[in-house]
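Engineer:
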Amino acid sequence: MPNNINPNSKIHPSSVIGPDVEIADDVEIGPYCLIQGKVKIGKGTFVEGHVTLGSRHGILEIGENNHFSPGAVIGGAPQDISYKGEPTSLIIGNNNTFREFSTVNLATSKHDKKTEIGNNCYFMSYTHIGHDCKIGNNVIIANDSHLGGHCIIEDGVNIGGVCAFNQFVRVGRGAFVAGSSAINKDILPFSRAQGNYATVRATNKIGLSRKGYSREEVANVHKAIRIMIMGSHSVEEGIKRIKEECTPSDNINYFLNFITTSKRGLAIDRSPKGWQDDE
3 MPNNINPNSK IHPSSVIGPD VEIADDVEIG PYCLIQGKVK IGKGTFVEGH VTLGSRHGIL
63 EIGENNHFSP GAVIGGAPQD ISYKGEPTSL IIGNNNTFRE FSTVNLATSK HDKKTEIGNN
123 CYFMSYTHIG HDCKIGNNVI IANDSHLGGH CIIEDGVNIG GVCAFNQFVR VGRGAFVAGS
183 SAINKDILPF SRAQGNYATV RATNKIGLSR KGYSREEVAN VHKAIRIMIM GSHSVEEGIK
243 RIKEECTPSD NINYFLNFIT TSKRGLAIDR SPKGWQDDE
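For what it's worth, my numbering labels the leading residue of the sequence shown as 3, then goes sequentially.
1. I think residue 132 touches residue 162, with their Cβ atoms under 8 Å apart; what is that distance to the nearest whole Å?
2. Where residue 3 and residue 10 are concerned, what is the direct C-alpha to C-alpha distance, given to the nearest angstrom?
3. Of all the options 53, 112, 105 and 116, which has the alpha carbon lying nearest to the alpha carbon of residue 128?
4. Rounded to whole angstroms, what's the CA-CA distance from residue 261 to residue 268? Just pull it up for me.
5. Name the residue from 146, 246, 24 and 229 whose alpha carbon lies nearest to the alpha carbon of residue 272.
6. Go through its chain and collect everything with a Cβ distance to residue 206's Cβ below 7 Å, but skip five positions before and after it.
7. Identify every run of the beta strand (DSSP E) within the region 40 to 112, keeping only runs that are complete inside it and at least 3 residues long; order them along the chain.
8. Looking only at its chain, what residues have a beta carbon closer than 6 Å to the beta carbon of residue 122, apart from the 5 residues adjacent to it on each side?
9. Closer than 8 Å is the cut-off here; do at least three beta carbon pairs connect the region 201 to 215 with the region 232 to 252?
10. Quick one: using the 10 Å Cβ neighbour count with 16 as the cut-off for buried, is residue 2 buried or exposed?
11. So which of 85, 69 and 240 has the shortest CA-CA distance to residue 53?
12. Under the rule that 16 or more other beta-carbon atoms within 10 Å means buried, what is residue 240, buried or exposed?
13. Which residue's Cα is closest to the Cα of residue 290: 63, 264, 99 and 30?
14. Looking at residue 188: is its Cβ nearer than 7 Å to the Cβ of residue 266?
15. How should residue 113 be labelled, buried or exposed, when 16 other C-beta atoms within 10 angstroms of its C-beta is the threshold for buried?
16. Can you give the Cα-Cα distance for residue 126 and residue 263, rounded to whole angstroms?
17. Would you give the residue range spanned by the alpha helix (DSSP H) that residue 207 belongs to?
18. Between residue 92 and residue 117, which are expected to be in contact by the criterion C-beta below 8 Å, what is the C-beta distance as a whole number of angstroms?
19. So, using beta-carbon positions, are residue 166 and residue 184 closer together than 7 Å?
20. Quick check: is any heavy atom of the ligand SAM less than 6 Å from the C-beta of residue 253?
21. Going by DSSP in three states, residue 194 sits in which element: helix, strand or coil?
22. Can the beta-carbon of residue 95 be found less than 7 Å from the beta-carbon of residue 65?
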C-alpha cells in the first residue's frame, strides 16, 4: 500500500485511487469510487459507493469524520466558463454529511481561490454548492436547493428544500429560509425568509431559542428585525432607531454590521403583506 494511504484504512478493491491522494487512519471507502488529483481525506471519514472526490487540477482537503453518500460529486471543476484548470481548492471541515447526489465545486481563480465548508453541516440529496461559496458551521440545506457561485451562508442557517440562490447572496447567521424560495438579496441574520423572490417575514424565534439564546436576547433581536422590515423609513433611519431602541449587545452589533456591509441589498418588503406580525 502506498505511503500516503494509512494501512488502517479500508478501501474496496473496485475503487480507483489516484497517486496523489492522501488517506488518513480509520477511513472507509466503499465500492466503485473515483478519487483523483490532490486529495486529502481526514481520519474517520466514510465514503460510500459510487462517490467521486477531486479532479485533475484542483486541491480537495477533507477534514475528519465526514460522510459522503452514493452519487456525491465533491471537488469537481467550477461551472464557470472562465475556469481554465487553475489549481484552486475546496476545503471541507469536520463532521459534515453529504447525502445522495450532492455536489460541491472547486473555486475559480477570481478571488481567494477557495470554496470553503465549515463543521457539522448537513447537505441533503441533490443539493449544490457552487464555486467560491463560503459555508459556515452547523448549516443544514434540504433536498434540491442550489447555491450559485460566491454565496456566503453563515453559521446556524437552515435552508428548506427546492431553494435557488443567486450568485453573491449572503445569509446571516441563525436565519431560516423556507422551502421553494428564490433568493436574490441578502437575508437578515436571525430572521425567517420566504417567497419568490424571498423577503424577510419574521424573526426566527424558535430557531434562536433552540440555539440557546436567552428570552431577553431573542426579544432584543426581534425588535431590531421589526424595525428593519416594518414601516416606510429608510435603511439609514432603521439603523438609527435600532441604536436608540435596542439594548446594545454583540448580536445587535453584528446585525447592524451585516446591514451596513450588504452588497446585494437586503431582502425586505415593508408593505404589510411582506411581513408577519409575530410579536
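Glycine is no exception: its CB is placed at the ideal position from the N, C-alpha and C atoms.
Structural biologist: With the given structure in hand:
1. The pair is not a contact, with the Cβ atoms about 18 Å apart (cut-off 8 Å).
2. Because the pLDDT of residue 3 is 48, which lies under 50, any placement of that residue in the model is unreliable, and the question is left without a value.
3. Minimum Cα distance to residue 128 is reached at 105.
4. Here the alpha carbon of residue 261 sits roughly 7 Å from the alpha carbon of residue 268.
5. The candidate whose alpha carbon is nearest that of residue 272 is 229.
6. 176, 177, 178, 192, 193 and 194.
7. Considered as a whole, the region 40 to 112 harbours 40 to 43, 61 to 64, 75 to 78, 91 to 94 and 105 to 107 as its complete beta strand (DSSP E) runs of no fewer than 3 residues, in chain order.
8. Here the set comprises 97, 139 and 140.
9. Taking 8 Å as the limit for Cβ pairs, the verdict is that the region 232 to 252 does not touch the region 201 to 215.
10. Past the edges of the chain, shown from 3 to 281, lies residue 2, and the structure says nothing about it.
11. Comparing C-alpha distances from residue 53 to each of 85, 69 and 240 shows the shortest one belongs to 69.
12. Looking at its Cβ environment, which holds 16 or more other Cβ atoms inside 10 Å, residue 240 is buried.
13. Here the chain has residues from 3 to 281 only, and residue 290 is not among them.
14. For the pair residue 188 and residue 266, the CB atoms are nearer than the 7 Å cut-off.
15. Residue 113 is exposed by the Cβ-count criterion.
16. A straight line joining the alpha-carbon of residue 126 with that of residue 263 spans about 30 Å.
17. From DSSP, the alpha helix (DSSP H) with residue 207 extends over 207 to 212.
18. Contact holds; Cβ gap of about 5 Å.
19. Less than 7 Å divides the Cβ of residue 166 from the Cβ of residue 184.
20. Absence of the ligand SAM from the depicted structure is noted, as is the absence of any ligand whatsoever, leaving it without description.
21. If DSSP states are grouped into helix, strand and coil, residue 194 belongs with the strands.
22. For residue 95 and residue 65, yes; Cβs fall inside 7 Å.
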